[in-house]
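Notes follow the structure.
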Amino acid sequence: MLNLKELQVLAKDFSLLYVEDNEALQTNTSKLLRKLFVDVDIALDALSGLELFKKKHHPIVIIDIKMPNMDGMALSKHIKKISPETKIIIISSLDKKELLLKFIELEIFRFLKTTTNVNKLFSALEDAVTQIREEKYTQEFYSNLNDIFNYQSSMLVMLNNQNIILANKIFLEFFSYENLDTHKKTIRNLEECFLPHEGFFYKHDDIDIFESLRLNSQKIFHVKLKNTQAEIKHFILKYQTIPERKGYGILSFDDITELNLLKFFNKKELKNEEALNDEKAMFELLGVIQRNGVKIELHNYYKGLSITNDATIISIEDNKLKIKTSYIQEKAIQFEKKTLIVSGALPHAVECRVIKQISFDKQEVIMSDLHFISSSPITRKTIRVVPTDKQTVSLFLGANKFYGDIEIEDISLDAVKLKMRALPAGLDKEKDITLDIVLEMDRKPFIINTKVELFRQVESRYSFHVVFMFKDLKKSMLVKYITKRQMELIREIKGMQNG
Amino acid sequence: MDNNYKILYEDAEQKCIMFSFDDESHEDSFLSVNQYLIVKNGAGLLIDPGSEAIFNELYDAVSEHVEIQNIEYIFFSHQDPDVSGSIAQWSVSTKAKIIMSSLWVRFMSHYGFSEMNRVIILEDKGKKLEFGDDFIEFIPAHFLHSPGNFSLYDEKSKILFSGDIGAAIVSSPEPYKKVGNFDKHKEYLLAFHKRYMGSNKLCQAWVSRVKKIDVSIIAPQHGFVFENENVHLFLEWLNDLECGSDFIDELY
């Protein structure tokens, strides 16, 4: 319990009404009350007490039950009708049990016996003042929050678990509701309002909307909503948990309908190159990601080894993207140049072909020549590695050896990609082709001798890049080779990380 | 049990297979290791495939039941080498998605694995995932014994693949490693669980979660499987077990 001085500080802003017909008791008690409260009104009967209350709406009222004309219970009823928040403390010589039901009905704050000592009265007053302050604080908090919410240009709602407790004007207007209370039923089914669309966030079999939002509070989602005028709008949805308030979070809906981005989610339209090449729309979407402070994922391949790390977009200027990422990713970018950007907010991966600048000190990279790609290496399911230089490859067409420069670009369990200065005459899918490859594993030669089938050949300026699929190759040794090579590459790139 | 495997469940669409490949160089440790495979309509889910040392044997054994390229998921209950040591080999050999706790993803490069875009990360509360027409569920089993640990429940077969929970130190290989007399088996369970499991509170949390699902078999990664009434007896035993930090005075 607080001491007298602390209690005075706590109570200084509040007025108190004391209604008691016993003059002697009233004189003694009011002396005590004036030690705490600056503003104390006294009434000797219920009717004059009610008149005083009507003028001031005292937040705390102390009432005796037994009084002439109007008793304390009737007075309490009138006061609660005028101001339900008022804390009423009853002081009476009557037995509490007889009045218990009425106390509950009238939400009486505390009951004290006439014989109660001063400490119990002060304790009741401390509790009352503390509760009033908390209620006032909460009221002010929500009032300020409401103002902040209404000032925002996005639709905003505050959730406590799945229940909506605050919604801003734009949100209510979207659904043509006057206030939150009338809207609550719809809110309970908010997840039903998200319309199905490929790549969008909506309720379907294996997804619990609120659970997904809670687990992905740093991500953004695309959602489609229909307003009461049957207009369909495209929003970016983000959920942010409120620190230190368990179960509370804010949903924001950023209307991006005007950016006309739906085409990126439509497979048919994406076959049309024009949609994929719409750089303006792509940068708009990257801008949405930047504004929401959402992380993107970068993908590179270091000699076949997948290197993936998060990055944040710092700025977008003149079709150039400045990002901040980890040192190891910067090393991978420096090695491979071509970088892929992936995000749940992007309908497809964005490929970046040109690296303008890498700053290892600031961990920043400036990228340009960006565009959406409809298929990307990150959907590649087999692991390919680049072997060491200790390699020889011989190619046989039937029994004839081909004499030409051959180099392995990468090798997987299913295929090998060769770089060849020239192609042997008559190389085609029907041919009987044998490859004799010698690599190094554990400092010993590792030999692959297998029939292969021509899968694909691409001509570049000075060479051909030819992919051969293995036929009937016993793969267990190759698994061993690729895993060992992967480990070597991991050590190599980690070595770079350590300088 | 023929050829190191035992069919735990089979219907027209699905079968669940138990393998028992030990790393022979450590045979004297007597902590026999089990690996599991669920095959549903030709698609595979491999569970705790074990160390690099048994990869070749297990690969051949698994390919008797499912096309290796049709393995859709590989689940690693936790990070130990006898569970995850072959992650690089399996990731090279399959196109499967790798499922594991968020706590261990970053450590997998020490096993030679770096394909992070293939990982389905499990957050602490677990996850439900569609497999064929049914669901599999990853149930939190943290600190039992690994800090980031999950059991896998297969809704169709009602088998709970419990990882290290239910593991027993048994001395000799048996044709089918199934618990017969639970009272006798308790002594094999106790030594392992008393030291390896986090605390009684954690055991109770897991038991309480498991009691909400219909379990016909508990299949641990070491030792014997629990069937029928032994499932219930084991859960009751674990619920009352004092272990780990309950014996803090013996540890410090």
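Chains A and B supply the protein sequences, listed in that same order. When we follow the numbering used here, the leftmost residue of the first sequence carries the number 915, and every step to the right adds one. When we follow the numbering used here, the leftmost residue of the second sequence carries the number 27, and every step to the right adds one. A virtual CB, placed ideally from N, CA and C, is assigned to each residue, including glycine. This structure is a prediction, so every number in the text was calculated from the model and none was measured.
- Ile1396, Thr1397, Gln1400, Met1401 and Ile1404: these are the residues of the region 1395-1413 of chain A whose beta carbon lies less than 7 angstroms from some beta carbon of chain B, given in chain order.
- Of A:Gln1076, A:Leu1109, A:Asn1060 and A:Asn1075, the smallest CA-CA separation from A:Phe1085 is found for A:Asn1060.
- Secondary structure note for A:His1285: its beta strand (DSSP E) is the uninterrupted segment Glu1278 to Phe1286.
- Ranked by Cα distance from B:His219, the first of B:Val241, B:Ser119 and B:Ile195 is B:Ile195.
- Between the beta-carbon of A:Glu1193 and that of A:His1136 there is about 19 angstroms, and that puts the pair past the 8 angstroms contact cut.
- Along the region 1322-1343 of chain A, going in chain order, the ones with a CB nearer than 7 angstroms to a CB of chain B are Leu1327.
- Excluding residues up to 5 positions away in sequence, Val59, Gly76 and Ser77 lie with their Cβ nearer than 7 angstroms to the Cβ of B:Asp108 in the same chain.
- Around B:Ala114, the beta-carbon contacts reaching into chain A at under 8 angstroms are Thr1397, Gln1400 and Met1401.
- In this structure B:Ala217 is exposed. Its beta-carbon is surrounded by fewer than 16 other beta-carbon atoms within 10 angstroms.
- In chain order, Ile1150, Lys1152, Asn1206, Val1208 and Ala1259 place their CB closer than 6 angstroms to the CB of A:Ile1134, counting only its own chain and leaving out the 5 sequence neighbours on each side.
- Straight across, the Cα-Cα distance linking A:Ser1289 with A:Val1264 is about 10 angstroms.
- Residue state for B:Gly70 is assigned as strand, using DSSP reduced to three classes.
- Secondary structure note for A:Leu1235: its beta strand (DSSP E) is the uninterrupted segment Lys1234 to Thr1239.
- In this chain, the alpha helix (DSSP H) harbouring B:Gln115 covers Ile113 to Ser119.
- Taking CB atoms only, A:Lys1252 has no neighbour in chain B less than 8 angstroms away.
- Closest by C-alpha distance to A:Ser1057, out of A:Phe1316, A:Leu1080, A:Ile1046 and A:Arg1267, is A:Leu1080.
- In the DSSP assignment, A:Gly1161 falls outside any beta strand (DSSP E) and carries neither an H nor an E.
- The beta-bridge partner set that DSSP reports for B:Asn265 is empty.
- The beta carbon of A:Asp1350 sits closer than 6 angstroms to the beta carbons of Ser1308 and Asn1363 from its chain, once the five residues preceding and following it are set aside; these are given in chain order.
- Scanning its chain for C-beta atoms nearer than 7 angstroms, with the 5 sequence neighbours on each side dropped, one finds around A:Phe1023 the residues Lys1001, Ile1002, Ile1003 and Ala1042, in chain order.
- The Cβ of B:Lys237 sits no closer than 8 angstroms to any Cβ of chain A.
- In this structure, DSSP gives B:Ala231 a helical state, which the three-state scheme calls helix.
- Cβ contact annotation for B:Leu259 (same chain, cutoff 6 angstroms, sequence separation greater than five): Phe208, in chain order.
- By the rule that beta-carbons nearer than 8 angstroms mark a contact, A:Val975 does not touch chain B.
- Residue pairing by DSSP places A:Phe1036 opposite no residue, since no beta bridge is assigned to it.
- For A:His1262, the closest Cβ of chain B is not nearer than 8 angstroms.
- Going by DSSP, A:Glu965 is part of the alpha helix (DSSP H) stretching over Ala960 to Lys970.
- Of all C-beta pairs linking the region 1273-1284 of chain A to the region 1235-1249 of chain A, three or more are shorter than 8 angstroms, placing the two stretches in contact.
- Of all residues in the region 1297-1315 of chain A, only Ile1297 come within less than 7 angstroms of chain B when Cβ atoms are compared, listed by chain position.
- A distance below 7 angstroms between beta-carbons, with the five flanking residues on each side excluded, links B:Asn265 to the following residues of its chain, in chain order: Cys229, Gln230 and Val233.
- Under the Cβ distance rule, A:Lys1133 does not count among the residues neighbouring chain B, no pair being separated by less than 8 angstroms.
- Of the candidates A:Asn1174, A:Leu1337, A:Leu1104 and A:Met1355, the residue whose Cα lies closest to the Cα of A:Ile1347 is A:Leu1337.
- Remark: fewer than three beta-carbon pairs, one from each stretch, lie closer than 8 angstroms, so the region 171-181 of chain B and the region 136-144 of chain B are not flagged as touching.
- Of all alpha-carbon atoms in A:Gly963, A:Ser1229, A:Phe1167 and A:Lys1050, the one lying nearest the alpha-carbon of A:Phe1197 is that of A:Ser1229.
- For B:Gly138, the nearest CB of chain A lies under 8 angstroms from its own CB, placing it at the interface with that chain.
- Rounded to the nearest whole angstrom, the C-alpha separation of A:Ile1164 and B:Glu93 is 47 angstroms.
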